[in-house]
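J.: The numbering of the sequence shown is UniProt numbering, which starts it at 1 and goes up by one. By construction, the Cβ of each residue, glycine as well, lies at the ideal position given by its N, Cα and C atoms. Computed from a predicted structure; not experimentally measured. Here it is, the structure, as structure tokens.
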Amino acid sequence: MEMTPALFGYVADLVYREAGMVLRPGKEYLVESRLKPVAKLTGHDSVGSLANALRTGTAALRTQVVEALTINETSWFRDREPFAALTDTILPDVLAQSTRPVRVWSAACSSGQEPYSIAITLEKALPPGRGYQIMGSDLSEEMLRRSRAGRFNQLEVNRGLPATDLVTYFQRAGAEWEVVPRIRQNLSFQRVNLCATLPPMPKFDVVFLRNVLIYFEPETKRAVLDRVRQVLNPGGWLLLGAAESTVGIDSVFERVPVGRTAIYRAPARDRQMVKEVTQC
Numbered sequence: 001m002e003m004t005p006a007l008f009g010y011v012a013d014l015v016y017r018e019a020g021m022v023l024r025p026g027k028e029y030l031v032e033s034r035l036k037p038v039a040k041l042t043g044h045d046s047v048g049s050l051a052n053a054l055r056t057g058t059a060a061l062r063t064q065v066v067e068a069l070t071i072n073e074t075s076w077f078r079d080r081e082p083f084a085a086l087t088d089t090i091l092p093d094v095l096a097q098s099t100r101p102v103r104v105w106s107a108a109c110s111s112g113q114e115p116y117s118i119a120i121t122l123e124k125a126l127p128p129g130r131g132y133q134i135m136g137s138d139l140s141e142e143m144l145r146r147s148r149a150g151r152f153n154q155l156e157v158n159r160g161l162p163a164t165d166l167v168t169y170f171q172r173a174g175a176e177w178e179v180v181p182r183i184r185q186n187l188s189f190q191r192v193n194l195c196a197t198l199p200p201m202p203k204f205d206v207v208f209l210r211n212v213l214i215y216f217e218p219e220t221k222r223a224v225l226d227r228v229r230q231v232l233n234p235g236g237w238l239l240l241g242a243a244e245s246t247v248g249i250d251s252v253f254e255r256v257p258v259g260r261t262a263i264y265r266a267p268a269r270d271r272q273m274v275k276e277v278t279q280c
């Protein structure tokens, strides 16, 4: 069975309702390539047959399809500039505010390269004895399973991971490389749908929400940014992808140019009020 315009529209509507991701006409090739493995795994002879089965299929089948279409590209220290901003601008500010562990959320973390890249950055930049906690989240349970395992094949570690970091922060695990336990103990992972009410979580000093908003419509972007701001500490920091911005979407975050990129800061008013009360 072919992937007809009607079936593509049904799949696009499903992904929008479940994950907020917009699939416009012209993305049929993406649907075909991402869903071929799912079709084979579920016993369908074509992607069109799989799409048709979604109409009467189980919730588990719909979840498989949505997860397959929302998995994004990732690599180690992607784009570099955000990690330089974390080290040079964000951490000095966060460290000056309290002595508790630094808390970071890596949203839509895919297979884990971003949260582990953040961990390596903090290992190098934090003063001795200063702890950190990183939460990675994703919509896909398969990506979360891989992230929790902290194991990567040779091709994956070759994509942006410096050799010095590989030998320092990884150990051999058969044919793969595994993040050393002393780093993994600082990370946790959980399933989070950014387009739904967020589960209970602590306040964060920094949120990485990179290369996610580009898939959403303006009203969805606005809602996601509002949810993220609610779990940021006053004055907390937000990092977006190179092609993303809060400008024209959210007027509350302050845009802060840093080098060749920009980062975003939540209002610090509440933090200032806390300081004043403490001093009294």
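#1: Along the chain, where does the alpha helix (DSSP H) containing TYR10 start, and where does it finish?
#2: VAL65 and LEU41: beta carbons closer than 8 Å?
#3: For ALA133, name the three-state secondary structure that DSSP assigns.
#4: Sorted by chain position, which residues of the same chain lie with C-beta nearer than 7 Å to GLY112's C-beta, five sequence neighbours on each side aside?
#5: Alpha carbon to alpha carbon, what distance is there between GLY235 and LYS275?
#6: How do the stretch 243-257 and the stretch 212-228 stand: do at least 3 beta-carbon pairs fall below 8 Å, yes or no?
#7: For VAL256, report the span of its beta strand (DSSP E) as first-last.
#8: Measure from the alpha carbon of GLU156 to the alpha carbon of each residue in LEU144, ASP138, ALA175 and GLU141, then state which is nearest.
#9: Among the residues of its own chain, which have a CB less than 8 Å from the CB of ALA173, if the five just before and after it don't count?
#10: Please list the terminal residues of the continuous beta strand (DSSP E) segment that includes ALA262.
#11: Pairing CB atoms from the stretch 46-60 with CB atoms from the stretch 84-93, are three or more of them under 8 Å?
#12: What is the DSSP secondary structure of LEU30, counted as helix, strand or coil?
#13: Would you say the beta carbon of LEU95 comes nearer than 7 Å to a heavy atom of the ligand GTP?
#14: Exposed or buried, ASP165, counting other C-beta atoms within 10 Å across all chains shown (16 or more means buried)?
#15: What is the rounded straight-line gap between the Cα of ILE134 and the Cα of LEU187?
#16: What's the C-alpha gap between ASN203 and VAL252?
#17: Counting only beta-carbon atoms, is ASP205 nearer than 8 Å to chain B?
#18: In this structure, what does DSSP give as the bridge partners for GLU176?
#19: Can you give the Cα-Cα distance for ALA119 and PRO127, rounded to whole angstroms?
T.: Looking at the atomic coordinates:
#1: Residue numbering aside, residue 10 sits at position 10 when the sequence shown is read from its first letter. Unbroken alpha helix (DSSP H) run through TYR10: 5-19.
#2: Indexing the sequence shown from 1 puts residue 65 at position 65. Indexing the sequence shown from 1 puts residue 41 at position 41. Not a contact, by the Cβ cut-off of 8 Å.
#3: Translated into the one-based positions of the sequence shown, residue 133 becomes position 133. Residue 133 is actually Gln in this sequence, not Ala. Looking at GLN133 - three-state DSSP - the assignment turns out to be strand.
#4: Taking the first residue of the sequence shown as 1, we reach residue 112 at position 112. Within the same chain, GLY112 has close Cβ partners GLY136, ARG146, SER147 and GLY150.
#5: Numbered from its first residue, the sequence shown carries residue 275 at position 275. Numbered from its first residue, the sequence shown carries residue 235 at position 235. Low local confidence applies: a pLDDT of 38 at LYS275 is under 50, so the model's placement there is unreliable, and no value is given.
#6: yes
#7: On the sequence shown, residue 256 is found 256 positions in, with the first residue counted as 1. Looking at the DSSP string, the run of the beta strand (DSSP E) that includes VAL256 is 254-258.
#8: Within the sequence shown, numbered from 1, the residue matching residue 156 stands at position 156. Comparing Cα positions, the closest option is ALA175.
#9: For the purposes of this step, residue 173 is taken as the residue at position 173 of the sequence shown. For ALA173, where only same-chain residues beyond five positions count, the Cβ hits under 8 Å are ARG151.
#10: As a first step, residue 262 is located in the sequence shown; it is residue number 262 there, counting from the start. It spans 261-265 - the beta strand (DSSP E) in which ALA262 sits, taken as one unbroken run.
#11: no
#12: Residue mapping note: residue 30 aligns to position 30 of the sequence shown, counting from 1. When DSSP states are grouped into helix, strand and coil, LEU30 belongs to the helix group.
#13: As for the ligand GTP, it is missing from this structure, which has no ligand bound.
#14: On the sequence shown, position 165 is the one that residue 165 refers to. That one is buried.
#15: The sequence position of residue 134 within the sequence shown is 134, counting from 1. The sequence position of residue 187 within the sequence shown is 187, counting from 1. Between ILE134 and LEU187, the C-alpha separation is close to 5 Å.
#16: Looking up residue 203 in the sequence shown gives position 203. Looking up residue 252 in the sequence shown gives position 252. A quick correction: the sequence has Lys, not Asn, at residue 203. One C-alpha to the other measures close to 18 Å.
#17: Included in the structure is just one protein chain, with no chain B present.
#18: Position 176 of the sequence shown, counted from the first residue, corresponds to residue 176. ALA173.
#19: The count along the sequence shown starts at 1 and reaches residue 119 at position 119. The count along the sequence shown starts at 1 and reaches residue 127 at position 127. Approximately 14 Å between the Cα atoms of the pair.
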